[in-house]
Each structure stands twice: as C-alpha cells, then as structure tokens.
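**Q** Keeping their order, the protein sequence lines are chains A and B.
Note that numbering that gives the first Met the number 0 has the first sequence beginning at 0, numbered continuously upward.
Note that numbering that gives the first Met the number 0 has the second sequence beginning at 0, numbered continuously upward.
Before I ask anything, here is the structure I am working with.
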Amino acid sequence: MDFDLPAEDDPRRLEVRAWLQANPKPGYALLFDQGYTVPHWPRPWGLGANPELQLIIDDELARAGIRAPHHKNPVPINNCGQSLLRHGTPEQQERFLKPALACEEVWCMLFSEPSAGSDVGALRTTARREGDHYVIRGQKMWTSLADKAQIGVLVARTDPSAPKHAGLSQFLVDMKSPGITIRPIADMSGESGEYNEVFFDDVIVPADRLLGKEGDGWKLSMQQLQTERVALSRPGAIWGSGPSARELVDGLVAAGRFKNPLVRDEAVGLWIEGEILRLLALRSLSDRMNARESGPEGAVRKMVAAPHGQRVLDLAKRSQGVAGLVKNRDVLPMTQAERGPFSNWDHAFWWSPAVTLGVGTQEVLKNVVAERVLGLPREKDPTRHTPFNQIGKAQPTQKEAA
Amino acid sequence: MNFSLSEDHTVLRDAAADFLRDQVDLAPLLVPGADAQQAPYDALWAKLCELGWPAMAVPEAHGGLGMSEIDVAIVLRECGRTLAPTPLLGTLAGTWALLAAGSPEQQTLWLPQVAEAGLRMALATAPASGDAGAADADVMATLHADGSYRLSGSSHFVIDAPGAQLLVVAAMLDGAKRLFLVQGEADGIETEWLAWRDITRQVAHVHVKDAVGDLMPGDWDSTWPTLRNRLHLALAAESAGGLQAVLDDTTAYVKERVAFGRPIGAYQSIKHGLADMLAQTECTQTAVLYAAWAQSQDERTATLASAMAQAYASEAYRDATHRSIQMFGAIGFTWEMKNHLYFKRARANAEWLGSAAEQRELIARTLETAHATPH
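Shown next as structure tokens:
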C-alpha cells in the first residue's frame, strides 16, 4: 500500500511538464490533439490512460495556470460525452465529439424542470415524432451554461403512455434553434447568471439527433449523472472547486484568526474531514487502477462532501464577523485556491446553499445510499408503474375497482 | 500510489475475522452485573498465542513476524469489531515501547518472550489525571547504591495491567519522566482492578512500592510521540471495526423490526441515520489505513495522520453507538443486548488517550509549525 501521489520527478509528470513548457499557451484544440483533455478515454479521443496519468495532467495544467478543459466545457467532458462513445452513431461521434472536446462547442444539460428536480422521471417536456423530426415543447430549469452553449443534451418524454421512467429519450439539440428562449435565473449569491430557464416552443429537432434509442433517456441520464471525474488532490468546497478546508486553515492562520480556540478546534475538525474526503477520492482512483470494483466510497464521498463544503464556507464567513456581511469584503485571504468561479470566500459562501440541492438533493442522495448500499427497503413511488399520462388523474378506489 | 488492500491483506483480514467470529464469546458479559473479571481474557489469549498474534509487531530479528502497521491495523480492526477481550492492546503497547525506548539488551531479553511465549505486557504512563502523555508521573524512581533503580508510587488507568507479566512504567527520575521495565510478579507490585465501565477490557491502577525497575535508555520526549502515534492508530483501528459491527447489526435489525406496518428501515429518518453511519464507517476505515501507511513515512505525516484517525474515529464511534441504541429502541438500552458493550468501548476509546479536541489541538500545532511550507 502506498499513498504517495506521483512524485515530482515521475517521468510521466516530467513529460507533461516539458510539453506544457514547449506549448505555454496551448489552447483547447491543441490540448485535445495532445490527448490531455480526456486522457482516460480510448484513442483517438484520449490516451487510454490510467487515472493516475489523468491526475498528473490535471496537476500540471493547474501548475501551468491553465484552466482545465473540464472547467470550460464540463457537460461533454465530465458527464455526457461518453454516452456518444457507447451509444452514439458514427455520424454523431464524428459531428459532435471533437468540437466538444476541443471546447469549440460548449454543451449544457437540459434535465431539471419546475416540477421535476431530484425526481427527473417526473419531467413533462415532450418530444413528439413527426416524420423525420421531433417537435419539442416544455420548460427546463437550473440549466448551467444554457446561455453560452451551442449544444444542449435534452431529456424529454417521447411516450406519455409509458410509465414515468420508460417513456423518456435524449436528444442533442442545437441551442440556436428557433423556438428556444433562454432566461437567466438570479440566484441568491447575486454574482453571476449561473442558472437559466429554457423554454421550448415547438422546437424542431431532426430525428438523427436522438441519442441511443427512443426510451433510453432515463438509463442514459442516470449513467451521465454518475460519471464524473474525481476532484483529486484538493477537494474544494463547491463540487470540487473553490476553496478547501486546507485553504481555510491557511487563511485563518494568515489572518490571525487561528489563535481563537473556538475557531481553531472547528477548523481542524473541518481540516480532518477534508483530508478524509481527499483520501476517499484517492481510494476510488486506486480501486479503478487496480481494476477493483469500487466500494461505497463514491456515493459516500458525494454525501459527505456537500455539507462539508457548506461548513467550510460557513466557518470562513463566521470568522469574518460582521465584516462578512459586506459584499466581496474578503477579510480572510484566499491563499492557495486556483482561479475559478468561486475564488472568493464571499461569493462561494452565498453560493454554498446550492451544493446540497444540485445534482440531486442531499435527502434523495441519502435514500439512494441507504437503499443501494445498505439494502434498506426502497422508498415507495406510487407513480412508478403508472402510465405517465394517467398520473394525477383520479384513480378508482379499491372499492370501486372491485 | 496504491490505496487498495492487497491479496495478502485481505487473506489476513478474513483469517482474523473467521477466527474471532468462532472464538469470541461475549455471552458471559451479557449477564446483568457482569464485570471485566468475567471477560474471557485468558482462554482467548492462549488461542491468539497459538496463532502467533503477540509476535505481530516484534521484528523478525527477535523471533517475531515483523508485520507492518497496516497488517497490525487490519488485525486490530477485527478485534474491535468483535470486542475480543484480550491483552493484545497492552502487549502491543509494551512492545512498541520496548522498540522505541529499550536498549538492545532489553529488546533481546524480552521481545522473543513476547513473540514466542505470549508474554503479556502493559504500558503504565499516566498520573492520577489519567493523561497518558503527561510530562509528569506519580511514580518516583531512585538510584540505589547497588546500581539498581527502585520505583514507588502509582500509575493510573493501565489497560491490561491485570495479568501483565511485564510492565513499562513511567517514573520521575531526577525531574524527568523516564520509562522502566518492571516485572509483574516482582515484589512491591499491587494491581488494583477498576470497575471500568467497558467490561470487555481489564483495567487497573498499578501501585509500586520499592519495586525494582530496569531503566530504558530512550528519553520520554522522543519516545512518547512515536508511541502516541501508534496508540492513536491502534485505538482508531479498533474503533473502525466497532463501527462496522454496529453498522452491520443495526442495518440487519431495522430490516427485521416492523412498526406501523413497515420495517423501520423503510422510514427516512432511519435511512438517513444509517447512511450517515455508513459514511462515518468508510471515513474511519480510510483514515485508519492512511495513518497506518503514514507511520512508515516521516514523523510529521505520522503525527497528523494518526491524530486525525483517532480524533475522527472516536467521535464517529461514539455517535454511531448512540444512534444504534436509539434505532434498536428500548431493547437497545438493556444489558442483555450487545449495544451497550460497543457504546462503552466507544466511550473508553474516546477518553483513554485524551479527547478528540486534544488530538485536534495536536494537529493545529503541527499545522501552525508547518505554515508557510507547502502541504
């Protein structure tokens, strides 16, 4: 057993570093050509590399001050792109993969809806087949990047008479299509138009934009929500980015707040939890490298990481006292955090309530962990087997049915 | 980097688990009024000796198995899972003290006896305050004219002291805390059993009166950190096993127990509590493996990792055993059920080396010292 990360003089690291020195501002197209965008994917997209090399490349990009491609275009790189590898037609792979991985086309994920958040199967947006195309009608919510994206991965209902999970399909939608309206949602951080709502008003999508088969939408969505790159060496408080507990301790020391015994004890408690989260990520990585079936640590890590991040940011904010109520007043220095959308404590804190909501609420995640890992009885969904278009309509009582 | 258990590790783990499942019988302790004297220490120890477990931490040069900290942590986790009542912890602690502070002659004399004959040891370092790492001791050592050291005073809350054949006793010599080897059967040794609440473990005050002690050359200030790190790891490993047992037992129970027409495991409050307990169990096990590995690295890494494992493990174990009693309902509060044995072991493990807050303070000081250097 060995917990050492690839060393400073690891030959693979030196090779990546030398290349980045020779190509100081590579641009996303060149990074992709070099195989550094998705090194863990098979050739010709990646290098067929093991996760350790992925870690080295991420590390070296950060060291060189280059914003990693998965920050620029997370949807295809982290979540949805692999669906094309497995289920896409050769034409779809040819048309979409390279522009996505080279960050020429940004993607967004059109999953959530006003009445279908963590219960994705309850979505109401429809895709009606008409000859060689589909007509989309409905509304999506909480869509990151919708305003910047060229391509949207849409989940819509193609068969309203099937049970809720069976009648869904996925499409690759041109975000500039007529009939799409995008409106920003102002979140409580007040910092950025992170989220959008997206309206589909009889939008035409060619039939060859269907991903996989009709009815595969639920299965694909679940795979995509579960695939993620591991935030390896420094688990940031906001879904792996932003400040971490290490930065919290460093910042408190630098600001002279670490001497306060109450702050100190709590900060070290968070530091411990942050280190354990880092180790859990390494354990997943190691199990993958050793071709071991991964244990429950993946789901556990997600479940622990979200409230952990909130507590890190909460203590950072409390340590500022009343001054923390002034917008962007960073009393606590950010000592090591990479540049990124959450690289100030104030913004990150007011954003942090989202991390136990997004990508499934904490409550749903705990149910999933209890049911799938511990085998506890499943939460009953009375609508699970009902044809979707019958849900909510008056059901005959048992007496009437008899 | 390789963070997965090897084939050898899993074989060791499974063998230890199988053995302990067959041999550990807590039934005598589940009789109301039972105390630690009913804990089947001697019978289990004899069997452990046949398996060679006392030889785990003894180097091969002294007839031992020279197993790594990871191997030792794997075995201790299984002991903690079953609450195996044995003097293994005391013997390991004594072995580590001999290795850290003993002279070559002392090691050559005693370590083969631990490895081959299962010599039982205990580590006695705490003054009346109970602080095992304190700078002082309530035992005084004096040098006699014949060149021997004589010890008088008391050492407190000594795990596995009853029945120990060799004690490592901390005593003040010329104003400094030092370690001495004292034979358990020597004249002037009196073992005062404690009505220790964790009845799976035998604990005593040790009173010495003009007893002969053999001075160990290692000084306290350099010995204690090494010893403390290993003890932190040992307790955390036990707690990791205890957490796993509590999680498994409670999960099985909530699938069976029906209330309001459903197994109680179908209710979200129960599910969420068990999901938290699972997370604590995984986090503890991860921290323990890291701490075990860290002990093969530099002292700073070992200190941070071991204190982190013990701080996290002790709080997680206490929390889980409390939740487990709640989920079992009133029956979980009775003496006949095992829940209280785990609850009490969790409390004991959280106190014996000081509170989690003290381990966090140790980390805080280490981080402060290292501030301005990269992680």
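We put the beta carbon where it would ideally sit given N, CA and C, even for glycine.
(1) Thinking just about the alpha-carbon of each residue, which of B:ASP209, B:ALA42 and B:SER153 is nearest to the one in ALA131 of chain B?
(2) Taking Cβ-Cβ distances shorter than 8 Å, what residues in chain A pair up with LEU366 of chain B?
(3) Would a check of beta-carbon distances place TYR266 of chain B closer than 7 Å to chain A?
(4) Does the beta carbon of MET333 of chain A come closer than 7 Å to any beta carbon on chain B?
(5) If I measure Cβ to Cβ from LYS208 of chain B and keep anything under 7 Å in the same chain, skipping five residues before and after, which residues do I get?
(6) Using the C-alpha atoms, what's the distance from MET215 of chain B back to LEU98 of chain B?
(7) Compare the C-beta of ASN259 of chain A with all C-beta atoms of chain B and state if any pair is closer than 7 Å.
(8) Note the first and the last residue of the continuous alpha helix (DSSP H) segment covering GLU104 of chain B.
(9) For ILE198 of chain B, which residues in the same chain have their Cβ closer than 8 Å to its Cβ, ignoring the five residues on either side in sequence?
(10) Starting from the beta carbon of SER5 of chain B, find every residue of chain A whose beta carbon is closer than 8 Å, and list them in chain order.
(11) Is it buried or exposed for ARG200 of chain B, if we count other Cβ within 10 angstroms and need 16 for buried?
(12) Helix, strand or coil for TYR35 of chain A? Go by DSSP, reduced to three states.
(13) Quick check on TYR252 of chain B: does DSSP put it in helix, strand or coil?
(14) Quick test of your reading: LEU100 of chain A and TRP18 of chain A, contact by CB under 8 Å. State the CB separation rounded to the nearest angstrom.
(15) Closer than 7 Å, CB to CB, is GLN225 of chain A near chain B or not?
(16) Looking at the structure shown, is ASP21 of chain B part of a helix, part of a strand, or coil, going by DSSP?
(17) For the alpha helix (DSSP H) holding ARG119 of chain B, just list the boundary residues, first then last.
(18) Just the Cα atoms here: how many angstroms apart are LEU366 of chain B and ASP313 of chain A?
(19) Return the chain-ordered list of same chain residues with a C-beta closer than 7 Å to the C-beta of GLU335 of chain B, the five sequence neighbours on each side being excluded.
(20) Smallest Cα separation from SER147 of chain B: which of B:GLU6, B:HIS271, B:LEU172 and B:MET55?
(21) State the DSSP-derived secondary structure class of SER354 of chain B, mapped to helix, strand or coil.
(22) Between the beta-carbon of VAL154 of chain A and the beta-carbon of LEU167 of chain A, is there less than 7 Å?
(23) Going by CA-CA distance only, name the one from A:THR125, A:TRP344 and A:GLN169 that's closest to SER188 of chain A.
(24) For TRP106 of chain A, tell me which candidate among A:LEU96, A:ALA115, A:PRO113 and A:ASP8 has the shortest Cα-Cα distance.
(25) So, using beta-carbon positions, are PHE387 of chain A and PRO183 of chain A closer together than 7 Å?
(26) DSSP on GLU360 of chain B, reduced to helix/strand/coil?
(27) With DSSP collapsed to three states, give me the class of PHE387 of chain A.
(28) Thinking just about the alpha-carbon of each residue, which of A:GLN149, A:PRO23, A:ALA206 and A:GLU103 is nearest to the one in ARG62 of chain A?
(29) Along chain B, which residues have their Cβ under 8 Å away from the Cβ of ASP264 of chain A?
(30) Which one of A:GLU112, A:PHE110, A:ALA48 and A:HIS39 has the shortest CA to CA distance from ASN77 of chain A?
(31) Only counting runs of 4 or more residues, tell me where the alpha helix (DSSP H) segments fall wholly within the stretch 222-278 of chain A, in order along the chain.
(32) Kindly indicate which three-state DSSP category ALA258 of chain B falls into: helix, strand or coil?
(33) Buried or exposed: ARG12 of chain A, going by 16 or more other Cβ atoms within 10 Å of its Cβ?
**A** Considering the structure as presented:
(1) The count along the second sequence starts at 1 and reaches residue 131 of chain B at position 132. Distances from the CA of ALA131 of chain B to each of B:ASP209, B:ALA42 and B:SER153 were compared; the closest alpha carbon is that of B:SER153.
(2) Within the second sequence, numbered from 1, the residue matching residue 366 of chain B stands at position 367. Within chain A, the residues near LEU366 of chain B are VAL248, VAL252, VAL267 and TRP270.
(3) Here residue 266 of chain B refers to the residue found at position 267 when the second sequence is read from its first residue. Closer than 7 Å: no.
(4) Here the question's residue 333 of chain A lines up with position 334 in the first sequence. The C-beta of MET333 of chain A comes no closer than 7 Å to any C-beta of chain B.
(5) Indexing the second sequence from 1 puts residue 208 of chain B at position 209. Taking C-beta separations shorter than 7 Å and ignoring five residues to either side along the sequence, the partners of LYS208 of chain B in its chain run SER151 and GLY187, following chain order.
(6) What you label residue 98 of chain B is simply residue 99 of the second sequence in a count that begins at 1. What you label residue 215 of chain B is simply residue 216 of the second sequence in a count that begins at 1. Note on geometry: alpha-carbon atoms of LEU98 of chain B and MET215 of chain B lie some 10 Å from one another.
(7) Mapped onto the first sequence, residue 259 of chain A falls at position 260. So no, ASN259 of chain A is outside the interface.
(8) By one-based count along the second sequence, residue 104 of chain B stands at place 105. Note, GLU104 of chain B: alpha helix (DSSP H), 103-116.
(9) Reading the second sequence from its first residue, position 199 is the one you call residue 198 of chain B. Excluding five sequence positions before and after ILE198 of chain B, the CB atoms of its chain that fall closer than 8 Å to its own CB belong to LEU28, ALA33, ASP34, ALA35, GLN37, ALA38, LEU340 and LYS343, given in chain order.
(10) Here residue 5 of chain B refers to the residue found at position 6 when the second sequence is read from its first residue. For a Cβ distance threshold of 8 Å, residue set MET0 of chain A lies close to SER5 of chain B, ordered along the chain.
(11) Counting from 1 along the second sequence, the entry for residue 200 of chain B is found at position 201. Here ARG200 of chain B is buried, its C-beta having at least 16 other C-beta atoms within 10 Å.
(12) On the first sequence, residue 35 of chain A is found 36 positions in, with the first residue counted as 1. In the three-state reduction of the DSSP assignment, TYR35 of chain A falls in the coil class, being assigned neither a helical nor a strand state.
(13) Here residue 252 of chain B refers to the residue found at position 253 of the second sequence. Note: TYR252 of chain B maps to helix in three-state DSSP.
(14) On the first sequence, residue 100 of chain A is found 101 positions in, with the first residue counted as 1. On the first sequence, residue 18 of chain A is found 19 positions in, with the first residue counted as 1. Approximately 18 Å separates the beta-carbon atoms of LEU100 of chain A and TRP18 of chain A; this is outside 8 Å, ruling out the contact.
(15) On the first sequence, residue 225 of chain A is found 226 positions in, with the first residue counted as 1. The beta-carbon of GLN225 of chain A is placed no less than 7 Å from the nearest beta-carbon of chain B.
(16) Here the question's residue 21 of chain B lines up with position 22 in the second sequence. Of the three classes helix, strand and coil, the one that applies to ASP21 of chain B here is helix, per DSSP.
(17) Residue mapping note: residue 119 of chain B aligns to position 120 of the second sequence, counting from 1. Neither: ARG119 of chain B is in no alpha helix (DSSP H) and is coded neither H nor E.
(18) For the purposes of this step, residue 366 of chain B is identified with residue 367 of the second sequence, where counting begins at 1. For the purposes of this step, residue 313 of chain A is identified with residue 314 of the first sequence, where counting begins at 1. Straight-line Cα distance between these residues: approximately 21 Å.
(19) As a working note, residue 335 of chain B is residue 336 in the second sequence. LEU29, listed in sequence order.
(20) Taking the second sequence and counting its residues from 1, one reaches residue 147 of chain B at position 148. The shortest Cα separation from SER147 of chain B among B:GLU6, B:HIS271, B:LEU172 and B:MET55 belongs to B:LEU172.
(21) By one-based count along the second sequence, residue 354 of chain B stands at place 355. The answer is coil: DSSP assigns SER354 of chain B none of H, G, I, E or B.
(22) Your numbering for residue 154 of chain A matches position 155 in the first sequence. Your numbering for residue 167 of chain A matches position 168 in the first sequence. Against a cut-off of 7 Å, the Cβ pair of LEU167 of chain A and VAL154 of chain A comes out as a contact.
(23) One-based indexing of the first sequence puts residue 188 of chain A at position 189. Of the listed residues, the one whose Cα sits closest to SER188 of chain A is A:TRP344.
(24) If you number the first sequence from 1, residue 106 of chain A lands on position 107. Taking the Cα of TRP106 of chain A as reference, the smallest distance to any Cα among A:LEU96, A:ALA115, A:PRO113 and A:ASP8 is reached at A:LEU96.
(25) Taking the first sequence and counting its residues from 1, the one referred to as residue 387 of chain A is at position 388. Taking the first sequence and counting its residues from 1, the one referred to as residue 183 of chain A is at position 184. At the C-beta level, PHE387 of chain A and PRO183 of chain A stay beyond 7 Å of one another.
(26) Numbered from 1 along the second sequence, position 361 holds the residue referred to as residue 360 of chain B. Note: GLU360 of chain B maps to helix in three-state DSSP.
(27) Your numbering for residue 387 of chain A matches position 388 in the first sequence. Reduced to three states, the DSSP call for PHE387 of chain A is helix.
(28) One-based indexing of the first sequence puts residue 62 of chain A at position 63. Ranked by Cα distance from ARG62 of chain A, the options A:GLN149, A:PRO23, A:ALA206 and A:GLU103 are led by A:PRO23.
(29) As a first step, residue 264 of chain A is located in the first sequence; it is residue number 265 there, counting from the start. Correct list: ALA356, ARG359, GLU360 and ALA363.
(30) Counted from its first residue, the first sequence places residue 77 of chain A at position 78. Looking at the Cα atoms, A:HIS39 is the closest of the given residues.
(31) Complete alpha helix (DSSP H) runs here, min 4: 244-253.
(32) Position 259 of the second sequence, counted from the start, is the residue given in the question as residue 258 of chain B. ALA258 of chain B falls in the strand class under three-state DSSP.
(33) What you label residue 12 of chain A is simply residue 13 of the first sequence in a count that begins at 1. Buried, since its Cβ has 16 or more Cβ neighbours within 10 Å.
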